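Report on one structure; see the data block that follows.
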Amino acid sequence: MSNDNDRLREFISSPIDLTKFLEDAKNMKERIMSFQSSYPINQNNLDSLINLSKTLSDYRHLEQQDETTRIENNNEEDESQGGGEVDEEDTTSSSTWRTRRKKKKLDPSITNSLKSYPACIEYLYKEFSQSRPHASHDTAFLKNIRECNQAISNIDNDRLILNLQIFFPIESRDRYRHQLMNELICLSTLTLAQIRDAIECVSDEQILGEYSQNPDDINTNGQRAGDANTAACFIIESIVYDDLRRTDVRLSERIIEQTNTNYTQGNSMELTSLNDLKMIQLGKPYIYLHQTNCEHVIVFSELKLLEQDQCHDSNLYPLCRMKYHGRFSYCFLCNVFYAKWLIRNSPLIPDDPCLLCERCFKACHYDKDGNKVGDFSAYHFPQL
Numbered sequence: 197m198s199n200d201n202d203r204l205r206e207f208i209s210s211p212i213d214l215t216k217f218l219e220d221a222k223n224m225k226e227r228i229m230s231f232q233s234s235y236p237i238n239q240n241n242l243d244s245l246i247n248l249s250k251t252l253s254d255y256r257h258l259e260q261q262d263e264t265t266r267i268e269n270n271n272e273e274d275e276s277q278g279g280g281e282v283d284e285e286d287t288t289s290s291s292t293w294r295t296r297r298k299k300k301k302l303d304p305s306i307t308n309s310l311k312s313y314p315a316c317i318e319y320l321y322k323e324f325s326q327s328r329p330h331a332s333h334d335t336a337f338l339k340n341i342r343e344c345n346q347a348i349s350n351i352d353n354d355r356l357i358l359n360l361q362i363f364f365p366i367e368s369r370d371r372y373r374h375q376l377m378n379e380l381i382c383l384s385t386l387t388l389a390q391i392r393d394a395i396e397c398v399s400d401e402q403i404l405g406e407y408s409q410n411p412d413d414i415n416t417n418g419q420r421a422g423d424a425n426t427a428a429c430f431i432i433e434s435i436v437y438d439d440l441r442r443t444d445v446r447l448s449e450r451i452i453e454q455t456n457t458n459y460t461q462g463n464s465m466e467l468t469s470l471n472d473l474k475m476i477q478l479g480k481p482y483i484y485l486h487q488t489n490c491e492h493v494i495v496f497s498e499l500k501l502l503e504q505d506q507c508h509d510s511n512l513y514p515l516c517r518m519k520y521h522g523r524f525s526y527c528f529l530c531n532v533f534y535a536k537w538l539i540r541n542s543p544l545i546p547d548d549p550c551l552l553c554e555r556c557f558k559a560c561h562y563d564k565d566g567n568k569v570g571d572f573s574a575y576h577f578p579q580l
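Numbering (my numbering), first residue to last: 197 to 580.
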């Protein structure tokens, strides 16, 4: 029987040439439109439909197969080979996930009610909440939908859109290690630099320095880690793309030098669009590295042609489809407000390190004149 790790494996497609995929998608679209307008469907005229079906079958192997369905098929084969003898315990434990997930058909009554924009927004919010319960309180997706509804249309030619999933850093705590952090909807004409700017990571929001002497200096003299260390890179199909807009540091040189891999150095991020990647694989893990050692797994999960009912304002891309709001850390003392400060070596607090909110931090460690009480260190604690 397959174990839990088997269920975590994702679908990985064969290599896809984006330029060829765009041309094939445009040709298929034209053939479908021509077929619908020129050939009435009847029993005596099915040749065009058969030819079109054969063309579509060329990309059928790229369709994602549901993991539970794949495991179910494997288990059915094992059961047939084993003579049908299955332990009662195994049957019970596997019945919860050995279920085919079928695509739910949209009720015609719902389709008619979605013609008004408010009803459409309400329906999308409901579907979004059910598909991602951990992000149901996040309004980023709906905000982008509203912006798209009011956006201008400046995309005339056919373009591809890709869904990009960004996961929490590999070195995160167990509860975040395999969690999805961001999901972006990207035009194929976007540069890697534009995509990098849209990725939100808490390590970029860290304010550098120690501020126990005067904590108010953090608002005037504090510098974000994302502004101090701007070096970053994407590793896609063994090619390393560096961000050289604000620094000359190439992470690719160190990566190629210290690892025994076949990585090669590519163009900079700002000069490389998704179309320039040429080959990608859906579901294959790639790497986004920033802040020297903050390493994220990124995955292209979906690739399709831009449709008429989608956002045609290129200035709004990449769209944020999902942003994970995890468990926020509260103040150790009041347990009411979010923690903002990380305190080390404080004689007044039993825990070391300790997380405190702004109010409790100043009330415990400073007198009425704002002078520091005791010997301790205070650092900014970022939360997104």
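Idealized CB from N, CA, C, for every residue including glycine. None of these values were measured; they are calculated from a predicted model.
| Asked | Found |
| --- | --- |
| Where do the N-terminal and C-terminal ends of the beta strand (DSSP E) with residue 390 fall, by residue? | Where residue 390 is concerned, there is no enclosing beta strand (DSSP E), although the alpha helix (DSSP H) it sits in stretches over 388 to 394. |
| Hey, how far is the Cα of residue 569 from the Cα of residue 491? | 39 Å |
| With distances taken between CB atoms, is the gap from residue 395 to residue 429 smaller than 9 Å? | no |
| Do you know offhand how far residue 499's Cα is from residue 356's? | 7 Å |
| Please classify residue 532: is it buried, with 16 or more other beta-carbons within 10 angstroms of its beta-carbon, or exposed? | exposed |
| Please check the pair residue 218 and residue 476, which I expect to be a contact at CB under 8 Å, by giving their CB distance rounded to whole angstroms. | Contact flag wrong, Cβ pair sits at about 13 Å. |
| Closest to residue 419 by CA distance: which of 402, 386, 432, 412 is it? | 402 |
| Applying the 10 Å Cβ sphere with the 16-neighbour rule, what's the burial state of residue 559? | exposed |
| Residue 352 to residue 513, Cα distance in whole Å? | 15 Å |
| Taking the beta carbon of residue 534 as the centre, do at least 16 other beta carbons fall within 10 Å, making it buried, or is it exposed? | exposed |
| Would you tell me roughly how many angstroms separate the C-alpha atoms of residue 541 and residue 549, rounded to the nearest one? | 7 Å |
| Taking contact to mean at least 3 C-beta pairs separated by less than 8 Å, is the stretch 399 to 416 in contact with the stretch 372 to 383? | no |
| When you compare only the Cα positions, how much space is there between residue 551 and residue 573? | 12 Å |
| Give every residue of the same chain whose Cβ lies closer than 7 Å to the Cβ of residue 481, excluding the five residues on either side of it in the sequence, and list them in chain order. | 493, 495 |
| Alpha carbon to alpha carbon, what distance is there between residue 378 and residue 411? | 32 Å |
| Residue 468: which of 389, 529, 449 sits nearest, CA to CA? | 389 |
| At the level of alpha carbons, what is the spacing between residue 374 and residue 507? | 30 Å |
| Where does the unbroken alpha helix (DSSP H) through residue 558 begin, and where does it stop? | 554 to 561 |
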